[in-house]
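Worksheet: the structure to be examined is printed underneath.
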Amino acid sequence: MSDRIADIYGARTPHTKGTVWPARVDQFLDPGVDEGSVDSWVQSACLLCSNGCGVDIAVKDGRMVGVRGRATDVVNHGRLGPKGLYGSTRWANSSDRLTRPLVREGGRLVETDWETAMGRIVDRSKSLLDAKGPLSHGFYTSGQLFLEEYYALAVIGKAGIGTPHMDGNTRLCTATSAAAFKESFGADGQPGSYTDIEHCDAVFLYGHNMPETQTVLWARILDRTRGDDPARIVCVDPRRTLVAMEAERTGGVHLAPRVGTNLALMNGLTHELLVNGWVDQDWVAAHTLGLDDLRSTVEPYTPEHVADICGVDPEDVRRAARIFGESEAVLSTVLQGFYQSHQATAASVAVHNLHLLRGMIGRPGAGILQMNGQPTAQNNRECGADGDLPGFRNWDNPHHVQQLADAWDVDVMTIPHWAPPTHAMQIFSYAETGSIELLWISATNPAVSMPESARIRRILEGDQCFVVVQDLFLTETAELADVVLPAAGWGEKTGCFTNVNRTVHLSEKAVDPPGEAKSDLDIFLMYADRMGFTNRSGEPLLGWRTAEEAFDAWAAITAGRPVDYTGLSYDKLRGPTGIPWPVNKEHPDGTDRLYADAVFPTDTDYCETYGHDLITGGTVTEQEHRAMRPAGRAFLKGAPYTPPHEEPSDDFPLRYTTGRTVYQFHTRTKTGRSADLNRAAPDAWVEISPTDADARGIAEGDWVRVKSPRGAIEVRARVGDVMDGAVFAPFHYGHWEPAAAAGGGHDDANHRLANELTMTVWDPVSKQPTFKTAACQVTRLRASDGPAPAPTTGASAPAERDLAPRRRPRPTQGGGPTTSTTLTETPTYPLDPAQEDS
Amino acid sequence: MPHLATYIGLADHSEQTLADSFRTVAEGHARAADVFHTCRLLAGWSDEHRTALAPIIERYGEADVDEPERLHAAGLAESRDGDIGLLRDLQDLHVLATLVQTTWTVIAQGAQGLRDHELLDVATSSNAHTARQLTWLNTRLKAAAPQALIVAP
Chain H
13 MSDRIADIYG ARTPHTKGTV WPARVDQFLD PGVDEGSVDS WVQSACLLCS NGCGVDIAVK
73 DGRMVGVRGR ATDVVNHGRL GPKGLYGSTR WANSSDRLTR PLVREGGRLV ETDWETAMGR
133 IVDRSKSLLD AKGPLSHGFY TSGQLFLEEY YALAVIGKAG IGTPHMDGNT RLCTATSAAA
193 FKESFGADGQ PGSYTDIEHC DAVFLYGHNM PETQTVLWAR ILDRTRGDDP ARIVCVDPRR
253 TLVAMEAERT GGVHLAPRVG TNLALMNGLT HELLVNGWVD QDWVAAHTLG LDDLRSTVEP
313 YTPEHVADIC GVDPEDVRRA ARIFGESEAV LSTVLQGFYQ SHQATAASVA VHNLHLLRGM
373 IGRPGAGILQ MNGQPTAQNN RECGADGDLP GFRNWDNPHH VQQLADAWDV DVMTIPHWAP
433 PTHAMQIFSY AETGSIELLW ISATNPAVSM PESARIRRIL EGDQCFVVVQ DLFLTETAEL
493 ADVVLPAAGW GEKTGCFTNV NRTVHLSEKA VDPPGEAKSD LDIFLMYADR MGFTNRSGEP
553 LLGWRTAEEA FDAWAAITAG RPVDYTGLSY DKLRGPTGIP WPVNKEHPDG TDRLYADAVF
613 PTDTDYCETY GHDLITGGTV TEQEHRAMRP AGRAFLKGAP YTPPHEEPSD DFPLRYTTGR
673 TVYQFHTRTK TGRSADLNRA APDAWVEISP TDADARGIAE GDWVRVKSPR GAIEVRARVG
733 DVMDGAVFAP FHYGHWEPAA AAGGGHDDAN HRLANELTMT VWDPVSKQPT FKTAACQVTR
793 LRASDGPAPA PTTGASAPAE RDLAPRRRPR PTQGGGPTTS TTLTETPTYP LDPAQEDS
Chain P
3 MPHLATYIGL ADHSEQTLAD SFRTVAEGHA RAADVFHTCR LLAGWSDEHR TALAPIIERY
63 GEADVDEPER LHAAGLAESR DGDIGLLRDL QDLHVLATLV QTTWTVIAQG AQGLRDHELL
123 DVATSSNAHT ARQLTWLNTR LKAAAPQALI VAP
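Chains as they are written, first to last, in our numbering: chain H, 13 to 850; chain P, 3 to 155.
Dropping the structure here:
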């Protein structure tokens with residue numbers, strides 16, 4: 013029995029480089045439920061981070077009562093992390109689930125029936141379409157719906173209504189991943205595979221606190237770093253995370269650049285590869301474009317110059333570059349420290365450049381994992397509910413648009429393709445002025461998760477825009493809506509989703525949703541029916557009724573595209589493991605890694621984008637692209653460093669950055685309703701370095717006020733391992749609180765929302781908002797009666813280990829008992845190179 | 003070479019006009035965060051072009067004669083309001099940047115005739131930057147136009 017709050021990763025199963033990752037089955041059942049009394053186990057995959065672990069849901073008496081990792085799944089080999097174990101099912105039985113639709117009457121939300129609620133939406137929608145046309149409608153979705161739901165909404169939005177105003181919170185989370193792939197390789201699509209972990213010599217983690225965001229993937233890395241012939245770790249992070257400590261332990265490097273200076277550091281690493289000749293000249297000549305421009309762009313970035321900009325040791329830059337330059341196989345992973353920071357796309361593209369210069373792509377161990385934050389973000393990108401065209405099609409290519417028009421049997425002019433899709437921040441700007449008058453938000457909580465929260469609340473609660481919210485709970489966002497629709501969640505509906513490394517899983521319905529809650533797919537189909545969307549033949553535009561029919565329709569339109577699902581079906585996905593796309597006649601069992609042939613989807617007629625100016629976001633034209641004759645070669649693209657949009661000043665001398673803790677997911681809608689998880693990180697805090705704390709008379713646990721030009725929060729201070737000059741705040745905490753028994757009832761609930769301080773500004777290419785560069789000041793308010801409520805297990809551990817007893821945090825622990833069983837015989841995993849070799 | 007000096011003067015003046023106008027639009031449309039930041043960035047590029055041109059102005063002088071100066075375009079003293087105002091401001095910037103670009107094209111031709119490498123480098127690199135300014139303006143115009151024309155309040 014193990015407490016997976018205290019022991020986040022479970023017992024190590026170390027193994028030697030090149031051998032298969034052993035299997036270990038993790039299981040958690042609600043107290044009082046023993047394994048023998050479980051009625052059924054239902055196949056699914058975990059929805060509490062982007063890793064996509066295969067899982068079976070335990071069902072007893074019509075309720076979800078626990079989870080078990082699937083030993084045969086290629087993603088997790090049976091393991092689950094604390095969020096998956098403790099957080100997967102608890103929310104479903106929570107007494108505050110939405111069970112009936114709500115409509116706003118006299119300023120209050122009141123219960124009603126579906127007929128009334130949907131009637132209001134359809135009336136408003138029809139009258140707006142008559143009066144103002146399709147540009148009056150906006151849709152803001154999630155990284156947590158299912159593939160079939162995104163695709164249904166994409167068809168409704170693009171072919172039914174015809175609005176370009178569709179995006180998801182994926183814009184806040186993974187837009188830069190997609191944008192970086194498109195710039196370098198011509199189309200979205202994760203090149204690497206988790207199996208690269210078994211074969212690499214070094215892992216570079218760029219702004220990626222994997223131990224807290226993808227715990228099972230980190231366990232997989234630990235099993236390499238603690239085994240024979242271990243991989244070295246290089247960490248780029250302003251905090252001393254567990255990644256940083258593993259870098260120190262393995263003889264790697266921890267680079268802690270000043271917040272907002274990632275691109276300068278990346279240019280320095282690129283500079284070092286070029287100067288030292290760590291370049292595969294023949295490969296670069298055959299498979300890339302742009303070397304000369306890249307060389308001149310990075311020419312000024314000597315380690316000393318980089319050290320000045322980033323505040324790092326120039327020798328550390330040299331050492332990190334040497335590890336990259338002298339390794340046979342490097343795996344790079346990237347997440348929010350790059351995506352949500354300054355010059356996001358350019359810095360993420362620079363990671364690709366390093367791999368391209370060394371020819372390290374497309375073979376085991378030489379991989380890139382541009383991570384996602386959320387479990388189904390990938391599907392939003394694929395299906396086009398984020399504004400992109402389904403199947404990684406290029407909005408600027410008339411033939412691609414025509415393919416969709418033919419498939420949907422609609423006039424090509426219906427499909428908005430005259431400009432790039434409208435990104436989330438612009439959608440909210442249009443809603444702010446009443447230019448968009450109907451905004452439909454599904455499965456996300458922008459009142460907590462978007463930057464400059466006060467502005468977002470104003471937009472949502474104002475009269476200028478009619479707001480529809482569909483969710484599991486009355487979130488901070490739903491409270492401000494005009495109509496609230498109760499949605500079924502994971503385990504209460506059937507559908508597929510795809511993880512970071514392209515692995516598609518089927519998640520079956522295990523139990524009925526509560527009350528009148530409906531699946532998001534059924535809600536979208538209900539709206540489409542009531543709106544009477546038809547194709548040119550007069551047939552319903554969305555002819556399908558079930559998730560499986562929606563999946564088959566989706567698979568059909570991916571034919572011939574990089575994201576090829578044509579070889580997948582629900583039957584095939586009911587096997588032992590998820591399957592990575594492309595799956596087609598050529599690759600009937602899926603594809604472990606892309607670009608093994610070094611042919612990239614950059615051909616002008618095939619690519620998803622013609623590319624952008626990384627500094628301005630200006631678009632490259634078709635003619636310009638064609639003139640470069642990319643023909644399957646990857647682009648080496650560079651850009652100079654520019655200072656962040658808001659630099660520290662006398663009034664705001666510190667750099668503010670937001671982030672995550674391992675025990676909470678997103679805005680806590682699910683994890684906050686698991687007492688095991690919520691008690692481990694029950695309330696907000698802010699991390700400040702010992703030096704900055706001393707200068708302000710701040711001790712561990714003191715109440716502090718953190719202020720930026722946009723707003724302030726008042727929370728307790730953790731004097732922690734953040735670099736001098738930086739301040740870290742977790743973004744999870746809005747004003748919603750669970751019951752006191754589940755670790756709720758804090759009196760700072762109305763002044764702890766990290767996004768009160770962040771800026772309205774975004775990357776010029778990916779349009780991802782910047783959550784990690786704002787200037788702030790921290791001042792002491794008063795002492796508190798104990799330490800900060802931050803966990804002690806991860807990067808939030810206190811810097812000082814021998815604090816006075818009153819200020820010493822209790823070790824984070826107390827999760828319910830789970831079991832872990834290491835299998836003596838490792839299953840056979842399709843496509844796993846460690847097993848193919850033997 | 004009286005007319006080359008005139009064109010060098012025109013480049014200097016029109017880059018300044020463009021830089022000032024970018025800043026006017028940035029401030030006037032600060033609510034559009036990307037317009038605010040990108041226009042300020044692009045104004046800086048025009049400043050850099052003038053800095054690079056400064057030593058050449060020393061050499062050739064900066065003449066101000068009547069005829070070619072008719073090309074001189076007035077900058078944006080103030081920005082317009084709202085979504086449609088942004089559209090028109092971006093169009094005005096595009097006109098100003100086009101004048102800058104053709105001026106660099108003309109100067110580059112002169113520099114080639116004179117075999118003046120320094121001037122040719124400045125004209126060529128500035129022209130490449132101006133092209134990127136124009137590309138961004140065109141991209142932003144296209145994105146903003148439908149909403150501004152059809153549904154802006």
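C-beta: ideal position from N, C-alpha, C; glycine also.
Exercise for the section: Within its chain, find whatever has a CB closer than 8 Å to the CB of H/LEU835; leave out the 5 residues flanking it on each side and keep chain order. Expected result: PRO34, ALA35, ARG36, VAL37, ALA83 and GLY90
Exercise for the section: Find the residues of chain P that neighbour H/HIS657, judging by a C-beta separation of less than 7 Å, and give them in chain order. Expected result: HIS39
Handout entry: Minimum Cβ-Cβ distance from P/VAL153 to chain H less than 8 Å
Key = yes
Practice task
For chain A, find out if any of its Cβ atoms is closer than 8 Å to the Cβ of H/LEU147; answer yes or no.
Solution key: The structure shown contains no chain A; the protein chains it does contain are H and P.
Exercise for the section: With 8 Å as the threshold, decide whether the Cβ of P/GLN149 is near any Cβ in chain H. Expected result: yes
Practice task
Decide yes or no for the touch test of the stretch 55 to 62 of chain H against the stretch 22 to 29 of chain H: beta carbon pairs closer than 8 Å, at least 3 of them.
Solution key: No, the stretch 55 to 62 of chain H is not in contact with the stretch 22 to 29 of chain H.
Problem - Where H/TRP851 meets chain P, residues with beta-carbon distance less than 8 Å - result: Because chain H is modelled from 13 through 850, residue 851 of chain H falls outside the range shown and cannot be assessed.
Exercise for the section: Please decide whether P/TRP106 counts as near chain H, where near means a Cβ-Cβ distance under 8 Å. Expected result: no
Exercise for the section: May I ask you to report which of helix, strand or coil DSSP gives H/SER850? Expected result: Any answer about H/SER850 is weak, because its pLDDT of 48 lies below 50 and its placement is not dependable; what the coordinates show is given next. Looking at H/SER850 - three-state DSSP - the assignment turns out to be coil, as it is neither helix nor strand.
Problem - Any chain P beta carbon closer than 8 Å to H/GLY630 - result: yes
Exercise for the section: Determine the burial state of P/VAL97: buried for a count of at least 16 other Cβ atoms within 10 Å of its Cβ, exposed for fewer. Expected result: exposed
Problem - Assigned secondary structure, H/GLU123 (DSSP; H/G/I helix, E/B strand, else coil) - result: strand
Exercise for the section: Determine, using beta carbons only, whether P/GLU17 and P/VAL108 come nearer to each other than 8 Å. Expected result: no
Practice task
Measure the Cβ-Cβ separation of H/ARG722 and H/MET771 and say whether it is below 8 Å.
Solution key: Contact flag set, yes.
Problem - Contact list for the stretch 444 to 472 of chain H against chain P, Cβ threshold 9 Å - result: GLU444, THR445, GLY446, SER447, ILE448 and GLU449
Exercise for the section: Report the residues of the stretch 704 to 730 of chain H with a CB closer than 9 Å to any CB of chain P, ordered along the chain. Expected result: none
Exercise for the section: Give the C-beta separation of H/PHE9 and H/THR388 to the nearest angstrom, bearing in mind that I take them to be a contact with Cβ-Cβ under 8 Å. Expected result: No information on residue 9 of chain H is available, as it lies outside the stretch 13 to 850 that chain H covers here.
Practice task
Report the option in H/GLU528, H/VAL516 and H/THR487 whose CA atom is closest to the CA atom of H/GLU394.
Solution key: H/VAL516
Practice task
Report the partner residues of H/VAL516 according to the DSSP bridge assignment.
Solution key: H/THR510 and H/ILE591
Handout entry: chain H contact for P/GLN49 (CB, 8 Å cutoff)
Key = Residue identity check: residue 49 of chain P is Asp in the sequence provided, not Gln. False, the Cβ-Cβ gap to chain H never drops below 8 Å.
Handout entry: Proximity of H/VAL255 and H/LEU286 at Cβ, strictly below 8 Å
Key = no
Handout entry: Cβ-Cβ distance between H/PRO289 and H/GLU620 below 8 Å
Key = Note that residue 289 of chain H is Gly in the sequence shown, not Pro. No, the Cβ-Cβ distance between H/GLY289 and H/GLU620 is not below 8 Å.
Exercise for the section: Could you work out which residues of chain H lie near P/ALA145, taking near to mean beta carbons separated by less than 7 Å? Expected result: ALA431 and PRO432
Handout entry: Residues sharing a beta bridge with H/HIS149, DSSP
Key = H/LEU450
Problem - Where H/GLY219 falls, given that 16 or more other Cβ within 10 Å makes a residue buried - result: buried
Practice task
Can you tell me which of H/ASP733, H/LYS505, H/GLY446 and H/PHE563 puts its alpha carbon nearest to the alpha carbon of H/THR805?
Solution key: H/ASP733
Handout entry: Min CB distance H/SER850 to chain P below 8 Å
Key = In this predicted model, H/SER850 has a pLDDT of only 48, less than 50, meaning its place in the structure is not dependable enough to derive any value.
Problem - Short-range partners of chain P found in the stretch 618 to 648 of chain H, where Cβ spacing is below 7 Å - result: ASP625, THR628, GLY629, GLY630 and THR631
Handout entry: H/ARG467 to H/TRP774 span [Cα, whole Å]
Key = Taking the straight line joining both Cα atoms gives about 16 Å.
Problem - Alpha-carbon to alpha-carbon, H/VAL167 and P/HIS77 - result: It should be pointed out that residue 77 of chain P corresponds to Gly in this sequence rather than to His. About 45 Å.
Problem - Distance cut-off 7 Å: H/ARG307 Cβ against heavy atoms of the ligand GDP - result: Among the components modelled here there is no ligand, and therefore nothing to report on the ligand GDP.
Exercise for the section: Please classify H/VAL460: does DSSP put it in a helix, a strand, or coil? Expected result: helix
Exercise for the section: Would you be able to state if there are at least three C-beta pairs under 8 Å between the stretch 348 to 359 of chain H and the stretch 648 to 658 of chain H? Expected result: yes
Exercise for the section: Check whether the Cβ of P/ASP85 lies closer than 8 Å to any Cβ atom in chain H. Expected result: At a cut-off of 8 Å between C-beta atoms, P/ASP85 counts as an interface residue with respect to chain H.
Exercise for the section: Can you give me the Cβ contacts of P/VAL124 inside the same chain, cut-off strictly under 7 Å, excluding the 5 residues immediately before and after it? Expected result: The answer, listed in chain order, is ALA54, LEU55 and ILE58.
Handout entry: Touch test, the stretch 203 to 218 of chain H against the stretch 234 to 253 of chain H, Cβ-Cβ under 8 Å, three pairs minimum
Key = Yes, since at least three Cβ pairs between the stretch 203 to 218 of chain H and the stretch 234 to 253 of chain H fall closer than 8 Å, the two stretches touch.
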